[in-house]
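The structure appears below as structure tokens.
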Amino acid sequence: MKQLTIQSSQRSYPIVMEAGLRFHLKKWLKKEYSSILVITDDKIADKYLQDVINNLEGQHVYSYIVPAGEASKNMDQYYKLQTKAIESGLDRKSLIIALGGGVIGDLGGFVAATFMRGIDYIQMPTTILAHDSSVGGKVAINHESGKNLIGCFYPPAAVLYDTETLASLPYREIRSGYAEILKEGFISDIHLTEELLSLSLQQVTTAQQENHLEAGIKVKAAIVEEDERESGVRKYLNLGHTLGHALEARLGYGTVTHGEAVANGMLFALHVSEDMSGEEFPFNELYHWMKLNEYPVIDIEKKRIAELVKSMKADKKSVSGHIQMVLLNQVGEPTVANLDDSSVEAYIRTYIERMNKL
């Protein structure tokens, strides 16, 4: 078992990583709850929902299953979940358990944050990608104009990571999750970055996977403790996300995974970083790592540049009409730049030209 503790302004909470944790879930319920609502999706439900419900024997337990995928992080599913909570008789002493990947964590957490002005929730991540989203208390749903535009900061009561659930992940989900771990390497640790860029993800062992997860969580935890509400260094966790979120929105949520979009966004961020800092970054290494591990390298059409810039400006990180991008002064030394539309358009054009030569 591996355990960390996060200190937030509202509460401290544990992050626990352990194989088979879902079978002794009660151990981590630190108080009595009047009722429990388990939220999951239709891919996870068949695998793990009954294990969780069985372990909560003696409690008033309800469950709700949403369709898997980013498209479920919407106002309709949010409203249906609030209705389910009301009809099930949940009250202020109830608990929500978000059992699934980042979509379920964000959606379930936002339902908990707003039901009766806030009740406890526990994150039970079942994907590698969710190691990032489950830590730090950012919960949200999407709007057609942009990702995570409707949400708040609301820390969980616990993050309980049953590492056995990772064994059933399809390769695409492993690939998606590793993009976020690589992001954490880029902003903190050149050695972690170099190790990850040498990996064939199809050959990663369980032990390596758990070590990489732990490394990523430690980076996220340290940053979140220093800057809970994203007024300073927490912005660095958005490396690759400005273009990544825009690609997700423009392609249609679920067309590419979040991690696939972020990988493309990081490639673009390295391109811009090289121009702004005058330093050389592992742009080619990242590109070849993406090709080796079968990430889709997204072709950006010149006629779509204006649409992408519009989406990037709609991102919640934009400031005073400027697009805010996380860049690197060097690997392990992130920075934030505010760019105007014309600068971003120019960078996208030179990025397209560069990609066409590879």
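Read in order, the letters of the sequence shown are residues 4 to 361 in our numbering.
Beta carbons: idealized from backbone N, C-alpha and C, even for Gly.
Computed from a predicted model, the values in this text were never measured in an experiment.
* Since glutamate 367 sits in a beta bridge, which residues does DSSP pair it with? -> Because the chain spans 4 through 361 in this model, residue 367 falls outside it and cannot be assessed.
* Asked: histidine 274 to glutamine 53, Cα distance in whole Å?
  -> Roughly 47 Å between the two C-alpha positions.
* Own chain partners of asparagine 241 with C-beta closer than 7 Å, once the 5 adjacent residues on each side are dropped -> Within the same chain, Lys320 and Val329 come within 7 Å of asparagine 241 by CB-CB distance, once the 5 residues on both sides are set aside.
* To do: Within the same chain, show all residues whose beta-carbon is closer than 6 Å to that of glycine 257, passing over the 5 residues directly before and after it, in chain order.
  => Excluding positions up to five away in sequence, the list reads Gly72, Glu73 and Ala74.
* Asked: What residue does the beta strand (DSSP E) around lysine 5 start on, and which one ends it?
  -> 5-10 is the extent of the beta strand (DSSP E) around lysine 5.
* Using three-state DSSP, classify glycine 281 as helix, strand or coil. => Looking at glycine 281 - three-state DSSP - the assignment turns out to be coil, as it is neither helix nor strand.
* Asked: With 8 Å set as the bound, which would you pick, yes or no: does the beta-carbon of valine 259 sit closer than that to a beta-carbon of chain B?
  -> This model lacks chain B altogether, as it is built from one protein chain only.
* Asked: Is the segment 177-186 close to the segment 208-224, with three or more CB pairs under 8 Å?
  -> The answer is yes - the segment 208-224 touches the segment 177-186, with three or more Cβ pairs under 8 Å.
* To do: Could you work out which residue in Glu198, Gly335 and Lys223 is closest to aspartate 192 when comparing CA atoms only?
  => With distances taken between Cα atoms, aspartate 192 lies closest to Gly335.
* **Beta-carbon proximity list for tyrosine 81, same chain, < 8 Å, skipping 5 on both sides** => Once the five neighbours on either side are set aside, the close Cβ partners of tyrosine 81 are Leu110, Phe113, Val114 and Ile144.
* **Helix, strand or coil at leucine 330 according to DSSP, with G and I counted as helix** => Under the three-state reduction of DSSP, leucine 330 is assigned to strand.
* When DSSP labels each residue in this structure, what does valine 207 get in the three-state scheme? -> Of the three classes helix, strand and coil, the one that applies to valine 207 here is coil, per DSSP.
* **Simplified DSSP state of glutamine 138, which is helix, strand or coil** => The question names glutamine, yet the displayed sequence has valine at residue 138. When DSSP states are grouped into helix, strand and coil, valine 138 belongs to the coil group.
* Asked: What is the DSSP secondary structure of leucine 273, counted as helix, strand or coil?
  -> Three-state DSSP puts leucine 273 in a helix.
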